[in-house]
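K.L.:
Protein chains: 2
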Amino acid sequence: MSGAPIFPSRRLRPSPFTERVSQEGVSGYTVYNHMLLPSVFRSLEEDYHHLKKYAQIWDVSVERQVQLEGPDAHKLATLMSARDLSNAEPGRCYYAPVVDGKGGMLNDPVALCIAPDKFWFSIADSDLLFWAAGLAEGYGMDVEVSEPDVSPLAIQGPMAEDLLVKVFGEDIRSIRFFRFKWFEFKGVQMAIARSGWSKQGGFEIYLPDTKLGTELWDAITAEGEPFNLRAGCPNLIERIEGGLFSFGNDMTRSETPLEMGLDKYCSLDSDHQYIGKDALLRQRDEGVKRKIKGLIMDGEKVSPLSIPWQISEAGHNAGFVTSAAYSPDMQANIAFAMLNTEFSENGQELTIQSTIGTHKAVVCDIPFAV
Amino acid sequence: MSGAPIFPSRRLRPSPFTERVSQEGVSGYTVYNHMLLPSVFRSLEEDYHHLKKYAQIWDVSVERQVQLEGPDAHKLATLMSARDLSNAEPGRCYYAPVVDGKGGMLNDPVALCIAPDKFWFSIADSDLLFWAAGLAEGYGMDVEVSEPDVSPLAIQGPMAEDLLVKVFGEDIRSIRFFRFKWFEFKGVQMAIARSGWSKQGGFEIYLPDTKLGTELWDAITAEGEPFNLRAGCPNLIERIEGGLFSFGNDMTRSETPLEMGLDKYCSLDSDHQYIGKDALLRQRDEGVKRKIKGLIMDGEKVSPLSIPWQISEAGHNAGFVTSAAYSPDMQANIAFAMLNTEFSENGQELTIQSTIGTHKAVVCDIPFAV
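As you go down the protein sequences, you meet chains A and B in turn.
The numbers in our numbering rise by one with no breaks, and the one at position 113 of the first sequence is 113.
The numbers in our numbering rise by one with no breaks, and the one at position 183 of the second sequence is 1183.
1) Within 7 Å (strictly less), CB to CB, does Asp-1162/B reach chain A?
2) In chain B, which residues lie less than 8 Å from Asn-249/A when you measure between Cβ atoms?
3) According to DSSP, is Thr-351/A part of a helix, a strand, or is it coil?
4) Quick one: what does DSSP say Val-1031/B is sitting in, helix, strand or coil?
5) What is the C-beta distance between Ser-81/A and Tyr-274/A, in whole angstroms, given that I count them as a contact (C-beta under 8 Å)?
6) Can you name the start and end residues of the beta strand (DSSP E) that Met-105/A belongs to?
7) I need the boundaries of the beta strand (DSSP E) containing Tyr-1326/B, first residue and last residue.
8) Does the structure place the region 1219–1226 of chain B close enough to the region 1236–1248 of chain B that three or more beta carbon pairs sit under 8 Å?
9) If I measure Cβ to Cβ from Leu-12/A and keep anything under 8 Å in the same chain, skipping five residues before and after, which residues do I get?
10) Helix, strand or coil for Ala-1096/B per DSSP?
11) Assuming Ile-1172/B contacts Val-1165/B under a Cβ cut-off of 8 Å, what Cβ separation, rounded to an integer in Å, is found between them?
12) Can you check DSSP and say which residues form a bridge with Ser-1122/B?
13) Starting from the C-beta of Ser-1323/B, find all residues in its chain whose C-beta is less than 6 Å away, skip the five residues before and the five after it, and write them out in chain order.
14) Pop quiz: Ile-1356/B and Glu-1286/B are said to be a contact at Cβ under 8 Å. What is the actual Cβ separation, rounded to whole angstroms?
15) Report yes or no: do the region 1182–1189 of chain B and the region 353–367 of chain A share at least 3 C-beta pairs separated by less than 8 Å?
16) Counting only Cβ pairs nearer than 7 Å, list the residues of chain C close to Asp-1127/B.
17) So for Thr-1358/B, helix, strand or coil by DSSP?
18) Tell whether a beta-carbon distance below 7 Å holds between Arg-282/A and Glu-259/A.
19) Among Val-1098/B, Leu-1216/B, Phe-1343/B, which one has its Cα closest to the Cα of Gly-1294/B?
20) Would you say Ala-1318/B and Asn-1340/B are within 7 Å of each other, going by their C-beta atoms?
21) What is the DSSP secondary structure of Ala-73/A, reduced to helix, strand or coil?
22) Does the beta carbon of Thr-30/A sit closer than 7 Å to a beta carbon anywhere in chain B?
23) Using three-state DSSP, classify Tyr-1206/B as helix, strand or coil.
24) State the start and end residues of the unbroken beta strand (DSSP E) segment that holds Val-288/A.
25) Give the single residue among Tyr-1139/B, Phe-1178/B, Ala-1111/B, Phe-1183/B whose Cα lies nearest to the Cα of Gln-1065/B.
26) Under a three-way DSSP split, which group does Leu-44/A fall into?
27) In three-state terms, what does DSSP make of Gln-1273/B?
28) DSSP three-state label for Pro-5/A, please.
29) Taking the C-alpha atoms as reference points, what is the distance between Met-1001/B and Ala-369/A?
30) Going by C-alpha to C-alpha distance, which of Phe-1017/B, Ser-1027/B, Gly-1261/B sits closest to Val-1060/B?
31) Taking any Cβ of chain A, which residues in the region 1106–1117 of chain B have a Cβ under 7 Å from it, in chain order?
32) With which residues is Gln-1189/B paired in a DSSP beta bridge?
33) Applying the 10 Å Cβ sphere with the 16-neighbour rule, what's the burial state of Lys-52/A?
34) Using a Cβ-Cβ distance under 7 Å, would Ile-1057/B count as near chain A?
35) I'd like the span of the alpha helix (DSSP H) that includes Ala-1154/B, first residue to last.
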């Protein structure tokens, strides 16, 4: 984790927007679904302030689509989603935790119902395609599992809507939250959803043709000036403030949706049958032994973590921090932490060992009140 | 692909050797199985010359183990491996292409038979665990699919054996190629295999306990001086010379083992039934339409590629380059290329468009004669 750069490799796949993104001066990358994802442009804090005020254009092609298509597509989508997709309707997006037989999280995609026999799972950082394809093979389902040439481009921030209206017309305003509509660009139909990995409002454009990437980027940035548009990316500070979890950071196969407080996205009391449901019901009956909570930490500004920070209270292990950042608007260090339930009440005081020292912290709800 | 560094994230998991590796001055990283993997220390060429002459210690923890354990472990291993594992014996390693129902490659792990009911698939860069777990779920198999706390540490280079004898004793010499034996270190049993991702000879130590990482590293480096031991990593130049393919670079789900010339690792004429066999048999009957070959390219020294370079011949598309490097020992640019069969004969002349210009190239066999 020194400052060493990323070595070129075809294995880290370019996106349709790579050329434009690199021109914009990325200062830090991560790798996500075998692709490069910008993490910071000017600085975490500068990007953060800008995102909360203006509009940003984000290359989130790393949100790959796992496409299920064919007679058994709906059956497979329903089986692998803890969210009830039984009555999924075209034009809607569903935050859909996917768990294994023990309830351990494998991914937390947004499922898009493209057609009754066609679904896209817009994924977080794991090869969910392998899980879907393995299930299809094992259950002998008649469904094609593939990764189509679809790359989301997000426009986020309070000015995102006015900007996209300039490019795609007034109908943009009619898209409701977590719904999508089809818009034409250069003769190609593209799904545009009101969604995105920030709490500042915005849209995700599902570009279905790599060759049009630069043209789409340029068509949007050409209208950007009145909205102070800049290239950006998911922002660590903003997403912690807003209570957005990151698969691989805040949750792994070792955590269940109930421990993550994602109960409302899991069908537990309906007839919907899916993999892992029994395990989740059992855990609900027994009660979770730990849960994710917010923390407000004192001390110097923390830097992003690369390994979980241990949390203790009066000599007992209380859990660990999964993500942390200094929030300029809250003027405090804020964090997500997986806490043993006996230490998870709001107001509980805890001690954290970070890379820069020892912090006192207080437990609070997620999202943070910003 | 600018020189921007990797931004810290828990999602990019540390290894048991991260602390030591970063002390050694890595100058380029890649990300592999959600972990950091060094790509270069001093320079590609300096690392290369050193690897071919002395001994290197490599943190290859990214070769995660997909563990299959339980009554149906052998059944699942056999079903998902194109290599015949029907008669797999404890203590042996098997290069085992894993393909989907259409014969497309999902990974090319080394399978270790730990016990008759316990296998490790030491994987390339994709979440093979999800495929195995999906199959187990779909077929209703009685097998636990997990990623244990096992992190390979490789010692590679012509002096690797003499070095490891100093640490583990003379019995190291008795390990045959692609076999492993158990050795004790600090009271813990560790599998040591004669294997590794170079053609310079060497071993892989499967560290089964993260906490012992630094001690193991230090115990080996303490004996390193007579062998001019340095920290290293899989070397792009050396692996191309030696004909070692990289999943994600040279092959993806779009390629089959037959197109990769991996026929001898696929059971095609035995009774062994596995996923994708029918597709591979069909492709063998019809004949492959493209195949991987070596290229020797003229012109200036090439840099590592990040997108495939297109290949043409007399105005026809002939295929694409998947990996390339300048070989100091061969004093030429060498490459792997996926070629349409009509352009794949040895001696065929081709034209390549690389990032630095146009090259003339000649087709040859893999591995290169070094």
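Quick reminder that beta carbons are idealized off the backbone N, C-alpha and C, glycines included.
P.N.:
Here's the rundown:
1) Counting from one through the second sequence, the residue named residue 1162/B turns up at place 162. Not an interface residue.
2) Numbered from 1 along the first sequence, position 249 holds the residue referred to as residue 249/A. Those within 8 Å of Asn-249/A in chain B are Ser-1009, Arg-1010, Arg-1011.
3) Here residue 351/A refers to the residue found at position 351 of the first sequence. Thr-351/A falls in the strand class under three-state DSSP.
4) Here residue 1031/B refers to the residue found at position 31 of the second sequence. Of the three classes helix, strand and coil, the one that applies to Val-1031/B here is strand, per DSSP.
5) For this step, residue 81/A is matched to residue 81 along the first sequence. For this step, residue 274/A is matched to residue 274 along the first sequence. About 6 Å separates the two Cβ atoms, so the contact holds.
6) In the first sequence, residue 105/A corresponds to position 105, counting from 1. Run containing Met-105/A: 105–107, per the beta strand (DSSP E) assignment.
7) Mapped onto the second sequence, residue 1326/B falls at position 326. Tyr-1326/B -> beta strand (DSSP E) spans 1316–1327.
8) no
9) Taking the first sequence and counting its residues from 1, the one referred to as residue 12/A is at position 12. For Leu-12/A, where only same-chain residues beyond five positions count, the Cβ hits under 8 Å are Ile-6, Val-31, His-34, Met-35, Leu-36.
10) For the purposes of this step, residue 1096/B is taken as residue 96 along the second sequence, with counting starting at 1. It is coil, neither helix nor strand.
11) Taking the second sequence and counting its residues from 1, one reaches residue 1172/B at position 172. Taking the second sequence and counting its residues from 1, one reaches residue 1165/B at position 165. Correct: roughly 5 Å between the Cβ atoms.
12) Start at 1 with the first residue of the second sequence, and residue 1122/B comes out as number 122. For Ser-1122/B, which the question treats as bridged, DSSP gives the partners Gln-1065/B, Val-1110/B.
13) Position 323 of the second sequence, counted from the start, is the residue given in the question as residue 1323/B. Excluding positions up to five away in sequence, the list reads Ile-1240, Asn-1249, Asp-1250, Phe-1336.
14) Position 356 of the second sequence, counted from the first residue, corresponds to residue 1356/B. Position 286 of the second sequence, counted from the first residue, corresponds to residue 1286/B. Their Cβ separation, rounded to whole angstroms, is 38 Å, which puts Ile-1356/B and Glu-1286/B out of contact at 8 Å.
15) no
16) The question asks about chain C, but that chain is absent: this structure's protein chains are A and B.
17) Sequence index remark: in the second sequence, residue 1358/B carries index 358 (1-based). Correct three-state label for Thr-1358/B: strand.
18) As a first step, residue 282/A is located in the first sequence; it is residue number 282 there, counting from the start. As a first step, residue 259/A is located in the first sequence; it is residue number 259 there, counting from the start. No. Outside cutoff.
19) Start at 1 with the first residue of the second sequence, and residue 1294/B comes out as number 294. Ranking the options by Cα distance to Gly-1294/B, first place goes to Phe-1343/B.
20) Position 318 of the second sequence holds residue 1318/B. Position 340 of the second sequence holds residue 1340/B. For Ala-1318/B and Asn-1340/B, yes; Cβs fall inside 7 Å.
21) As a working note, residue 73/A is residue 73 in the first sequence. Helix, per DSSP.
22) Within the first sequence, the letter at position 30 stands for residue 30/A. True, the Cβ-Cβ gap to chain B drops below 7 Å.
23) Taking the first residue of the second sequence as position 1, residue 1206/B is located at position 206. DSSP places Tyr-1206/B in strand when its eight states are reduced to three.
24) Your numbering for residue 288/A matches position 288 in the first sequence. Note, Val-288/A: premise wrong, no beta strand (DSSP E); not H, not E.
25) Residue 1065/B sits at position 65 when you count from the first residue of the second sequence. The shortest Cα separation from Gln-1065/B among Tyr-1139/B, Phe-1178/B, Ala-1111/B, Phe-1183/B belongs to Ala-1111/B.
26) Counting from one through the first sequence, the residue named residue 44/A turns up at place 44. Three-state DSSP puts Leu-44/A in a helix.
27) The count along the second sequence starts at 1 and reaches residue 1273/B at position 273. Coil.
28) Counting from 1 along the first sequence, the entry for residue 5/A is found at position 5. DSSP places Pro-5/A in strand when its eight states are reduced to three.
29) On the second sequence, position 1 is the one that residue 1001/B refers to. On the first sequence, position 369 is the one that residue 369/A refers to. Any reading at Met-1001/B needs caution, since the residue's pLDDT is 39, under 50, leaving its predicted position unreliable; the model's value is listed next. Their backbone Cα atoms lie some 37 Å apart in a straight line.
30) Along the second sequence, read from residue 1 onward, the residue named residue 1060/B stands at position 60. The shortest C-alpha separation from Val-1060/B is found at Phe-1017/B.
31) Leu-1106
32) As a first step, residue 1189/B must be located in the second sequence, where it is residue number 189. Gln-1189/B pairs with Glu-1184/B.
33) As a first step, residue 52/A must be located in the first sequence, where it is residue number 52. So Lys-52/A ends up on the buried side.
34) Here the question's residue 1057/B lines up with position 57 in the second sequence. Closer than 7 Å: no.
35) Translated into the one-based positions of the second sequence, residue 1154/B becomes position 154. Element bounds for Ala-1154/B: not the alpha helix (DSSP H) but the beta strand (DSSP E), 1151–1156.
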